[in-house]
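Student:
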Amino acid sequence: MKILIVRLSSLGDIVHSLPLVHCLQEKYPDAQIDWLTGNEGFEFLSLVKEIKHIYLPDFKNIGQIQNEKYDYVIDVQGLFKSAFLSKISFGKIIVGFKNTRESADIFYDRKIDVGNLFKTDKHIVDLNLKLVSELINEKKIPGSLPQAVKFLIPQISESQNTKLLETLSRKKKPKIAIFPVTTWKSKLWPLDYWFNLLKMMSNDFFVYLCAGNNDKEYIDPLINKLESEKICFENLVGKTSIKDLIYLLENIDLAIGMDSFGLHLASAIKNDYGVPEVIGIYGPTSLKRNGPYNSDQNCLYLSEMACIACRKKICPLGHHKCMKDIVPAQVQKMIDSKIAKILQHMQA
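Residue 222 in my numbering sits at position 222 of the sequence shown, and the numbers go up by one each step.
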């Protein structure tokens with residue numbers, strides 16, 4: 001059997017789609033599982049050995065995909081572009097969600113009804129798994145049993161990043177990765193809050209500041225302020241590959257961030273291997289749907305706000321209170337609640 005998964009972006013959503021691979025392998029051990037993705041997903045998915053072929057959506061690759069004659073093509077993205085690419089793959093059966101945006105479901109042969117994809121109390125990982133569980137006629141979603149969900153994040157045994165290796169070898173302090181950048185402006189926690197949090201943590205923790213190369217302009221004011229105040233931290237902005245990032249997260253004690261790739265990657269690693277601990281800061285996206293998987297109790301989220309989980313990329317009310325009203329002291333309190341568990345892990 002040959003199966004093609006279609007999820008073009010974004011990296012966090014690709015992480016949330018990975019359990020499909022494990023679920024399919026459990027049911028069809030001899031199946032060939034391939035993936036059609038965008039540029040940002042290619043490097044990441046190339047590390048997952050359970051995926052045989054990874055394609056970018058260009059004319060050459062579409063021809064190769066058509067030649068594979070897939071038995072099933074599963075569109076996890078549910079947009080017109082991904083659905084159209086799924087259709088022209090010429091797979092025997094195209095599977096996707098019912099009632100998608102952009103009328104994408106007109107291209108599907110089998111439409112899986114999970115209700116409203118966005119107004120739901122179910123986690124997106126479990127909704128994605130419904131595509132597979134319906135496909136293989138199972139009554140129970142593997143996501144209802146946490147131990148059955150595997151993200152298949154590879155264990156990285158070494159890194160070529162010498163600075164990373166040197167700092168991770170230090171044993172005295174717990175290590176924390178900070179992810180202060182995400183794609184939506186509405187999901188950002190103010191840089192001044194990050195500064196105050198790092199200032200509070202600097203004596204007790206070794207802090208890694210993580211962001212991509214394209215985030216430098218946004219994050220530079222925070223870096224400059226930290227350096228001018230002589231606050232100790234390791235600047236990894238634009239200095240790590242995805243492989244390095246996985247290695248880092250598999251060797252630290254705690255990850256803190258908003259709804260972002262870094263936080264979801266950390267959560268997936270925790271799901272598969274037990275570490276690191278995670279803390280999420282949430283506002284415009286639903287904690288139940290988009291929170292760190294099986295770790296939503298470790299998040300700060302003002303659920304009583306009338307406008308919470310608005311799913312807008314820019315705050316429509318202009319006040320950004322869902323994020324601004326979560327203050328550094330609250331995050332510090334949650335960190336403190338995890339200290340005992342972190343120290344126990346360090347001594348193991």
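Every residue gets a Cβ at the ideal spot worked out from N, C-alpha and C, and that includes glycine.
Starting from D220, trace the alpha helix (DSSP H) in both directions and tell me its first and last residue.
Tutor: Position 220 of the sequence shown, counting from 1, holds the residue named residue 220. Segment K216 to S228, the alpha helix (DSSP H) holding D220.
Student: Taking the alpha helix (DSSP H) that Y247 belongs to, which residues open and close that run?
Tutor: The residue given as residue 247 occupies position 247 in the sequence shown. Y247 -> alpha helix (DSSP H) spans I242 to L249.
Student: On the criterion of 16 or more Cβ atoms from any shown chain inside 10 Å, does E250 qualify as buried, or is it exposed?
Tutor: On the sequence shown, residue 250 is found 250 positions in, with the first residue counted as 1. Counting Cβ neighbours within 10 Å, E250 comes out buried, since at least 16 surround it.
Student: Taking CB distances under 7 Å as the criterion, tell me whether I176 reaches chain D.
Tutor: Here there is only one protein chain, and chain D is not present.
Student: Assign C322 to one of three DSSP states: helix, strand, or coil.
Tutor: Stepping through the sequence shown from its first residue, residue 322 is reached at position 322. Correct three-state label for C322: helix.
Student: Please report the distance separating the alpha-carbon of A340 from that of Y273.
Tutor: Taking the first residue of the sequence shown as 1, we reach residue 340 at position 340. Taking the first residue of the sequence shown as 1, we reach residue 273 at position 273. In a straight line, the C-alpha of A340 is about 19 Å away from that of Y273.
Student: Should N128 be labelled buried (16 or more other beta-carbon atoms within 10 Å of its own) or exposed?
Tutor: The sequence position of residue 128 within the sequence shown is 128, counting from 1. N128 should be labelled buried.
Student: Does the region 180–187 come within contact of the region 152–169, defined as at least 3 CB pairs closer than 8 Å?
Tutor: These segments do not touch.
Student: State the start and end residues of the unbroken alpha helix (DSSP H) segment that holds K288.
Tutor: Counted from its first residue, the sequence shown places residue 288 at position 288. Looking at the DSSP string, the run of the alpha helix (DSSP H) that includes K288 is L287 to N290.
Student: Does the Cβ of Q160 lie closer than 6 Å to at least one heavy atom of the ligand GDP?
Tutor: In terms of ligand content, the structure shown is empty, and the ligand GDP therefore cannot be addressed.
Student: Taking just the CA atoms, how far does P190 sit from K230?
Tutor: As a working mapping, residue 230 is identified with position 230 in the sequence shown. As a working mapping, residue 190 is identified with position 190 in the sequence shown. Each residue's Cα considered, the two are about 20 Å apart.
Student: Specify the secondary structure class of I335 as computed by DSSP and reduced to three states.
Tutor: On the sequence shown, position 335 is the one that residue 335 refers to. Of the three classes helix, strand and coil, the one that applies to I335 here is helix, per DSSP.
Student: Have a look at S9, Q160, M1 and L18 and flag the residue whose alpha-carbon is nearest the alpha-carbon of A268.
Tutor: Mapped onto the sequence shown, residue 268 falls at position 268. When only C-alpha atoms are compared, the closest one is L18.
Student: What beta strand (DSSP E) runs, 3 residues minimum, are completely inside the region 254–318?
Tutor: DSSP runs (the beta strand (DSSP E)) wholly in the region 254–318: 254–257, 277–282 and 299–301.
Student: Please say whether L248 and P328 have beta carbons closer to each other than 7 Å?
Tutor: What you label residue 328 is simply residue 328 of the sequence shown in a count that begins at 1. What you label residue 248 is simply residue 248 of the sequence shown in a count that begins at 1. Cβ distance not < 7 Å, so P328 and L248 don't count as in contact.
Student: I'd like the ranges of any alpha helix (DSSP H) spanning at least 4 consecutive residues and lying wholly in the region 149–187.
Tutor: Those alpha helix (DSSP H) runs which fall completely within the region 149–187 and span 4+ residues are 162–168.
Student: Between which two residues does the alpha helix (DSSP H) harbouring G63 extend?
Tutor: Numbered from its first residue, the sequence shown carries residue 63 at position 63. It spans F59 to E68 - the alpha helix (DSSP H) in which G63 sits, taken as one unbroken run.
Student: Name the one or two DSSP bridge partners that L18 has.
Tutor: Residue numbering aside, residue 18 sits at position 18 when the sequence shown is read from its first letter. In DSSP, L18 forms no bridge with anything.
Student: What residues in its chain sit with their C-beta under 6 Å from that of A211, if we drop five residues either side in the sequence?
Tutor: Taking the sequence shown and counting its residues from 1, one reaches residue 211 at position 211. V181, I219 and V237.
Student: Among F261, Q332, K324 and H319, whose alpha-carbon lies nearest the alpha-carbon of S9?
Tutor: Start at 1 with the first residue of the sequence shown, and residue 9 comes out as number 9. Comparing Cα positions, the closest option is F261.
Student: For E102, which of helix, strand or coil comes out of DSSP?
Tutor: Stepping through the sequence shown from its first residue, residue 102 is reached at position 102. It is helical.
Student: Go ahead and pull the three-state DSSP assignment for D192.
Tutor: The residue labelled residue 192 in the question sits at position 192 within the sequence shown. In this structure, D192 counts as helix in the three-state DSSP scheme.
Student: Within this structure, are the beta carbons of F179 and L222 separated by less than 7 Å?
Tutor: Sequence index remark: in the sequence shown, residue 179 carries index 179 (1-based). Sequence index remark: in the sequence shown, residue 222 carries index 222 (1-based). Not in contact: F179 and L222 (Cβ atoms no closer than 7 Å).
Student: Residues in the same chain with beta-carbon distance under 7 Å from D244, minus the five sequence neighbours each way, listed in chain order, please.
Tutor: By one-based count along the sequence shown, residue 244 stands at place 244. Correct list, in chain order: S159, N161 and L164.
Student: Comparing C-alpha positions only, which one of S286, K52 and S202 sits nearest to L36?
Tutor: In the sequence shown, counting from the first residue as 1, residue 36 sits at position 36. Among S286, K52 and S202, the Cα nearest to that of L36 belongs to K52.
Student: Using DSSP's beta-bridge definition, name the partner residues of K2.
Tutor: Walking along the sequence shown from the start, residue 2 turns up at place 2. Bridge partners of K2: Q32.
Student: Taking Q344 as the reference, which of E40, V275 and L45 has the closest Cα?
Tutor: By one-based count along the sequence shown, residue 344 stands at place 344. Closest by alpha carbon: V275.
Student: When the Cα of M305 is compared with those of I314, P284 and Q297, which residue comes out closest?
Tutor: If you number the sequence shown from 1, residue 305 lands on position 305. Ranking the options by Cα distance to M305, first place goes to P284.
Student: Considering only their Cβ atoms, is the gap separating Q32 from K2 smaller than 7 Å?
Tutor: One-based indexing of the sequence shown puts residue 2 at position 2. One-based indexing of the sequence shown puts residue 32 at position 32. Their beta carbons are under 7 Å apart, which means K2 touches Q32 by this criterion.
Student: Under three-state DSSP, which class holds P50?
Tutor: Within the sequence shown, numbered from 1, the residue matching residue 50 stands at position 50. First, the residue type needs correcting, since residue 50 is Glu and not Pro in the sequence shown. Reduced to three states, the DSSP call for E50 is coil.
Student: Quick one: what does DSSP say N235 is sitting in, helix, strand or coil?
Tutor: For this step, residue 235 is matched to residue 235 along the sequence shown. Strand at N235.
Student: Determine whether the beta carbon atoms of I124 and H22 lie at a separation below 7 Å.
Tutor: One-based indexing of the sequence shown puts residue 124 at position 124. One-based indexing of the sequence shown puts residue 22 at position 22. Contact: no.
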